[in-house]
Amino acid sequence: MSSSNKQSGKIGGKLALLLLPLLMAACATPQQTATGPQTATAPAPAPAELPSYNITATSPTQEALIEAENKEQFREDEESRQARVLREKNLHLKLVQTMIDQDNAYAALAHLDAYDQKWGADRPSKQLRADSLRKTSQLDQAELVYKSLLGGGQEQMKSGPIWYGLGKVAIERGDLRGAATRLEKAVQTDPLHINAYSDLGLVYLLEGQKEPSYNTLMKANQLASGDSKVMANLALWGLVFDDFNMAMDIADRLQWSDSTRNQVMSQANSIKRRFDAKGNQQ
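Residue numbers (mature numbering (1 follows the signal peptide of the UniProt record, and there is no 0)): -25 to -1, 1 to 257.
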């Protein structure tokens, strides 16, 4: 090989060594496209973290429904409790009324003490207490309780039995005029109060008021559809005012024994003597 060729070979080797790094750098450079140089893509974002849910939580709507349901259940329970208490109170008061009707007024007072201790005194229990006190001749206390139940408004509409009780207290005291006034208020307030008419008719009879007595007793008799007590008062009226046919007819209808007839006749004669004594005093 000539010296010129050797020299060319050395120069080509050196160029090759110089170009090799350039070629390697070119391989690492992004390729160009027809539209221009391609830019490097940004790294993909990490996936967003999903929210965590509490599977035991309830929505506001569900909570409201649950609360409303609980309130409804509580209301039903409270209504059931009140209904039970009302039944117990009514049964206790009926028991007391039965005792009074059977002339066991002292036992009735004891039961009323128990009633008031358990539930507190109310208008029905106070009225029964006044009746029991009257039946046991505790007239002053009975009158105080009766008067405590008198009032206006709605209470006035319920005062018929109260005036009747006060009228009975006056009869027990022998105050016939006071009894008449109170019993008249009883029938004015409660126009269907049979016992008030019956007792008022008897008071009129004892006072010698013939027509008012008859009219009032007839009201009681027709309202009561032939009650034996009312008819007995009518028979007494017939004997006092000399309507013997009516008196005997009632005695036959009630099937009075001779003993009962004699007792009623004795009462009538006593009333007539009272009239005579009253007339002589005048």
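Just so you know, even glycine gets a beta-carbon here, dropped at the ideal spot from N, CA and C. For clarity, every value in this text was computed on a predicted model and none was experimentally measured.
Item                                                                                                                          : Value
6 angstroms CB neighbourhood of Q116 in its chain, flanking five on each side removed                                         : L108
Contact check, N208 vs G176, beta carbons under 8 angstroms                                                                   : yes
Residues near L114 in its chain [Cβ-Cβ closer than 7 angstroms; skip 5 each side]                                             : V144, E147 and R148
Buried or exposed (CB count within 10 angstroms, at least 16 for buried), F216                                                : buried
Contacting residues, own chain, Cβ-Cβ under 7 angstroms from Y189 (five flanking each side not counted)                       : W212
Cβ neighbours of S123 in the same chain (closer than 6 angstroms, five flanking residues each side left out)                  : none
Three-state class that DSSP yields for K69 in the structure shown                                                             : helix
Any 3 or more C-beta pairs closer than 8 angstroms across the stretch 62 to 70 and the stretch 82 to 90                       : yes
Integer-rounded CB distance, given that L214 should sit under 8 angstroms from M240                                           : 6 angstroms
Neighbourhood of A222 by C-beta distance below 6 angstroms, restricted to the same chain and skipping five residues each side : A210, G213 and L214
K194 (DSSP reduced to helix, strand or coil)                                                                                  : helix
Member of L167, L141 and L84 whose CA lies at the smallest distance from the CA of A155                                       : L141
Local conformation of D88 per DSSP, three classes                                                                             : helix
For V178 and A171, the rounded distance between their alpha carbons                                                           : 10 angstroms
Euclidean distance between Cα positions of K247 and I225                                                                      : 20 angstroms
Integer-rounded CB distance, given that E118 should sit under 8 angstroms from L151                                           : Actually they do not touch by this definition, with Cβ atoms about 16 angstroms apart.
Exposure of P136, with buried meaning 16 or more beta-carbon neighbours within 10 Å                                           : buried
Close Cβ partners of R236 (< 7 angstroms) along its chain, the five nearest in sequence each way excluded                     : A226
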